[in-house]
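Heads up: the sequence lines are chains A and B, in that order.
Just so we're aligned, residue 195 is where the first sequence starts under the working numbering, counting upward by one.
Just so we're aligned, residue 5 is where the second sequence starts under the working numbering, counting upward by one.
In what follows, a structure is listed as structure tokens, so that the remarks can point back to it.
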Amino acid sequence: MFYPALLGAALGYSVVLALSDSPGIQLAALVTGAPAACLLTVCAGLLAFTLPWIAPALTAVSIVHERELGTLDLLRATLLTERSIVLGKLGGSLARMWPGILTLALLAPFQLVWIGGTGWSLYLPALAAEPISTTQILWLFLAGLAGLLKPFVDLVLHAAVGLFFSVLARSSGVAVAVSYGAVIVVRVSLWLVRYLLNVVLMMRGAIIGASESALGDVGMISALTSLGVVLVELVGAAALVWGGIWWLKRA
Amino acid sequence: MMPHEAQEPTVIETKGLTKRYGRLTAVDQLDLVVRQGAVFGFVGPNGAGKTTTMRILATLLRPTAGEAWVAGHSVVAERRDVRRAVGYMPDFFGVYGDMKVWEYLDFFAACYDVPTDTRRRLADDLLELVDLAHRREDYVDALSRGMKQRLCLARALAHDPHVLILDEPASGLDPRARVEIRELLRELRDMGKTIFVSSHILSEIQEVCTHIGIIEEGRLVAVGTMEDMRRRIHAQRVVNLGLIKQSAGEPASRRTVQEAQIWLAGRPRVSEVEPVAADGEGDLQLTFAGDDQALAQLLSDMVRAGFPVVTFRERTGDLEDVFMRLTKGVVS
């Protein structure tokens with residue numbers, strides 16, 4: 195019931211917002227965090243955080259459960275390739291989360307106030323005061339894009355971690371426990387990298403001051419950091435899925 | 005080898021097939037040929053390497069050394085072609101409990117690229133074959149062990165393979181279910197399928213097999229047609245003989261069991277002369293390599309030598325004896 199209720203609420207809110215008078219008001223609500231948008235932002239944020247953490251629970255049991263049932267050998271003896279089994283399990287697990295993913299996709303635009311993490315949104319007031327160049331807008335757009343993609347990429351990465359250990363493990367319990375352990379390690383590592391980059395970013399911002407150049411600089415570094423993390427996560431997810439396929443093949 | 009057999013094409017062939025797990029050699033230089041239409045019984049004690057061999061033939065394991073071909077395709081280089089030709093049934097059920105019987109067959113038929121429009125009819129035909137048509141709409145979990153095993157056999161037939169690799173199909177089943185599986189194997193043999201079936205109990209499958217291969221510690225210790233195996237029994241006859249027992253107080257004029265044992269051990273064609281009872285008294289058992297005439301000669305020689313023979317009976321052996329004699333039971 196959780197997903198349908200959330201989906202219904204999100205759709206309802208979207209309709210209300212779409213029917214409200216001025217697009218300008220909606221935009222203002224997005225930027226300033228007015229109550230209506232604020233609630234949606236919180237929902238989106240919570241969902242962006244929780245969905246990736248649900249994924250390993252589904253993927254970590256997917257293949258090892260087949261092994262426990264004794265059906266993995268049967269599947270491997272058919273014309274299905276190891277690649278199609280692993281990718282099918284990944285797709286199937288993500289498909290089970292479709293209401294959450296759809297809701298997040300609908301709510302994602304409301305996360306704009308959190309674009310690029312903790313860094314550059316502090317400088318938003320400067321947006322109104324300073325004239326913005328095209329390059330700055332591009333960097334801000336890229337940072338926003340990375341911020342929008344981040345929860346989905348997190349989801350895929352966590353799912354891939356679960357899937358990888360599902361291929362390796364001999365029991366569901368072990369697969370789930372090791373997957374969550376591995377996800378925590380991955381998250382802490384990525385957070386540390388990001389934190390260090392942010393420290394560098396903030397220090398540079400403080401030295402230069404909230405000038406036009408600072409905004410551009412901050413926007414660029416924020417965008418590059420966010421896109422870099424997204425890219426690293428995507429590459430990591432692909433490597434884990436490939437590793438799972440390889441492991442299954444080598445048996 | 006039967007005269008017509010040489011013409012039959014080879015369906016399964018292994019050459020020097022070896023599989024090692026670290027220091028353990030599960031299959032050791034296995035050379036095997038199974039011809040089209042044969043029902044090859046692969047017999048050996050638990051842990052002899054039967055399942056490993058079958059998993060290699062079903063492309064689920066890669067051999068450490070050697071090669072194997074099924075239906076003319078290499079199990080290493082042409083796995084997809086092998087899978088298309090083989091119906092594999094492992095030594096466990098492997099069922100999805102939350103699926104209905106027909107859904108289970110439909111799902112696996114889809115995994116074998118059977119077109120959607122033929123799958124429904126195929127499921128019905130297969131269920132008819134394994135006598136489960138009346139359980140079509142039941143959940144797989146609700147089936148008995150014997151029914152699950154028959155369903156697994158139907159699953160292995162979903163893509164109409166001409167080779168069946170069946171690992172211990174009768175294992176863990178009650179006598180009735182075992183008979184049903186045997187009947188099914190007979191039916192499949194009549195349909196022209198080549199069947200490679202394993203069991204650790206020879207008597208379970210000897211009735212349906214055309215060929216037998218006995219494996220122990222990863223090595224093939226005997227292989228041949230059923231006729232070959234039966235001939236081996238006759239070549240190595242087991243005879244039980246009994247002498248009149250000496251009662252207390254009786255003059256020790258009669259020759260004793262111990263003397264008979266020594267005398268027999270020195271005769272040609274006689275081997276393994278042992279007392280049946282552990283205390284060394286009573287009947288003797290010996291292995292004799294010779295025909296009926298030679299056996300009758302041995303009896304008359306014994307009587308002439310003064311042994312008071314009262315029973316002289318050949319044990320009517322079956323293939324189980326060959327199995328017991330050839331395998332040492334070191335891995336069971």
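Backbone N, C-alpha and C define an ideal beta-carbon position, used for all residues, glycine too.
Note that the structure is a prediction, hence the values are computed from the model and not measured.
Check the Cβ of residue i against every Cβ in chain A and list those closer than 8 angstroms, keeping chain order.
i	result
phenylalanine 200 of chain B	What phenylalanine 200 of chain B touches in chain A: nothing, since even the nearest Cβ is about 14 angstroms away.
phenylalanine 97 of chain B	Gly264
tyrosine 25 of chain B	The contacting residues do not exist; tyrosine 25 of chain B stays about 12 angstroms from chain A at best.
tyrosine 100 of chain B	Leu263 and Thr265
Determine, using beta carbons only, whether residue i and residue j come nearer to each other than 8 angstroms.
i	j	result
glutamine 40 of chain B	threonine 198 of chain B	yes
leucine 61 of chain B	valine 37 of chain B	no
alanine 353 of chain A	alanine 302 of chain A	no
glutamate 112 of chain B	alanine 162 of chain B	Before going further, note that residue 112 of chain B is phenylalanine rather than glutamate in the sequence given. Yes, the Cβ-Cβ distance between phenylalanine 112 of chain B and alanine 162 of chain B is below 8 angstroms.
threonine 315 of chain B	leucine 268 of chain B	no
alanine 417 of chain A	tryptophan 333 of chain A	yes
leucine 168 of chain B	valine 134 of chain B	no
leucine 189 of chain B	glutamine 153 of chain B	no
valine 86 of chain B	isoleucine 16 of chain B	no
proline 67 of chain B	leucine 21 of chain B	yes
glutamate 262 of chain A	serine 366 of chain A	yes
leucine 298 of chain A	alanine 242 of chain A	yes
alanine 264 of chain B	leucine 303 of chain B	no
valine 307 of chain B	leucine 290 of chain B	no
alanine 431 of chain A	valine 258 of chain A	no
lysine 23 of chain B	glutamate 71 of chain B	no
valine 423 of chain A	arginine 388 of chain A	yes
glycine 53 of chain B	isoleucine 209 of chain B	no
alanine 249 of chain A	serine 287 of chain A	yes
glutamate 172 of chain B	serine 203 of chain B	yes
leucine 247 of chain B	valine 201 of chain B	no
arginine 123 of chain B	aspartate 142 of chain B	no
glutamate 427 of chain A	valine 347 of chain A	yes
What are the partner residues of residue i, as DSSP defines its beta bridges?
i	result
glutamine 289 of chain B	B/Asn244 and B/Glu278
leucine 104 of chain B	Before going on, a small fix: residue 104 of chain B reads as lysine here, not leucine. BP columns for lysine 104 of chain B point to B/Tyr143.
valine 38 of chain B	B/Ile16
lysine 23 of chain B	B/Val31
histidine 350 of chain B	Outside the displayed span of chain B (5 to 336) sits residue 350 of chain B, for which this structure offers no information.
glutamine 317 of chain B	Note on residue identity: the sequence assigns arginine, not glutamine, to residue 317 of chain B. Bridge partners of arginine 317 of chain B: B/Asn244.
arginine 223 of chain B	B/Glu220
leucine 168 of chain B	B/Gly91 and B/Ile199
histidine 215 of chain B	B/Phe44 and B/Thr229
alanine 69 of chain B	B/Thr22
Should residue i go down as buried or exposed, given a rule of 16 or more other Cβ atoms within 10 Å for buried?
i	result
glycine 310 of chain A	Below a pLDDT of 50, predicted positions are generally treated as unreliable, and glycine 310 of chain A, at 39, falls in that range; the measurement from the model is reported next regardless. Glycine 310 of chain A should be labelled buried.
valine 47 of chain B	buried
alanine 408 of chain A	Because alanine 408 of chain A sits at a pLDDT of 49, beneath the cut-off of 50, its placement in the model cannot be relied upon, and the point is left open.
leucine 130 of chain B	buried
glycine 338 of chain A	buried
alanine 298 of chain B	exposed
glycine 217 of chain B	buried
valine 31 of chain B	buried
histidine 138 of chain B	exposed
aspartate 117 of chain B	exposed
leucine 206 of chain B	buried
valine 429 of chain A	exposed
isoleucine 185 of chain B	buried
valine 379 of chain A	exposed
aspartate 215 of chain A	Bear in mind that the predicted position of aspartate 215 of chain A carries a pLDDT of just 45, short of 50, making it too unreliable to give a figure here.
cysteine 58 of chain B	It is methionine, not cysteine, that sits at residue 58 of chain B in the sequence shown. The residue in question, methionine 58 of chain B, is buried, as its Cβ has 16 or more Cβ neighbours within 10 Å.
aspartate 305 of chain B	exposed
alanine 433 of chain A	exposed
Below 8 angstroms on the Cβ atoms is my contact criterion, and I expect residue i with residue j to pass it. Report the Cβ-Cβ distance as a whole number of Å.
i	j	result
leucine 155 of chain B	valine 144 of chain B	7 angstroms
proline 165 of chain B	glycine 91 of chain B	4 angstroms
valine 355 of chain A	serine 383 of chain A	At roughly 12 angstroms, the Cβ-Cβ gap does not stay under 8 angstroms, so valine 355 of chain A and serine 383 of chain A are not in contact.
phenylalanine 292 of chain B	arginine 241 of chain B	5 angstroms
valine 361 of chain A	tryptophan 441 of chain A	5 angstroms
valine 212 of chain B	valine 105 of chain B	The Cβ separation is near 25 angstroms, so there is no contact.
phenylalanine 335 of chain A	glycine 438 of chain A	Not a contact, Cβ separation roughly 35 angstroms.
threonine 272 of chain A	cysteine 115 of chain B	4 angstroms
glutamate 318 of chain B	valine 261 of chain B	Their Cβ separation, rounded to whole angstroms, is 19 angstroms, which puts glutamate 318 of chain B and valine 261 of chain B out of contact at 8 angstroms.
Just the chain B side, please: which residues come within less than 7 angstroms of residue i by C-beta, in chain order?
i	result
arginine 270 of chain A	Leu64
leucine 273 of chain A	Arg84, Arg87, Arg88, Cys115, Tyr116 and Asp117
Give me the chain A residues within the contact set of residue i, using Cβ-Cβ distance strictly less than 9 angstroms, ordered along the chain.
i	result
proline 94 of chain B	Gly264, Asp267, Leu268 and Ala271
phenylalanine 112 of chain B	Leu268, Leu269 and Thr272
Can you tell me whether residue i sits near the ligand ZN, meaning its C-beta is under 7 angstroms from at least one heavy atom of the ligand?
i	result
valine 167 of chain B	By its list of ligands, the structure shown contains no ligand whatsoever, and the ligand ZN lies outside what it can speak to.
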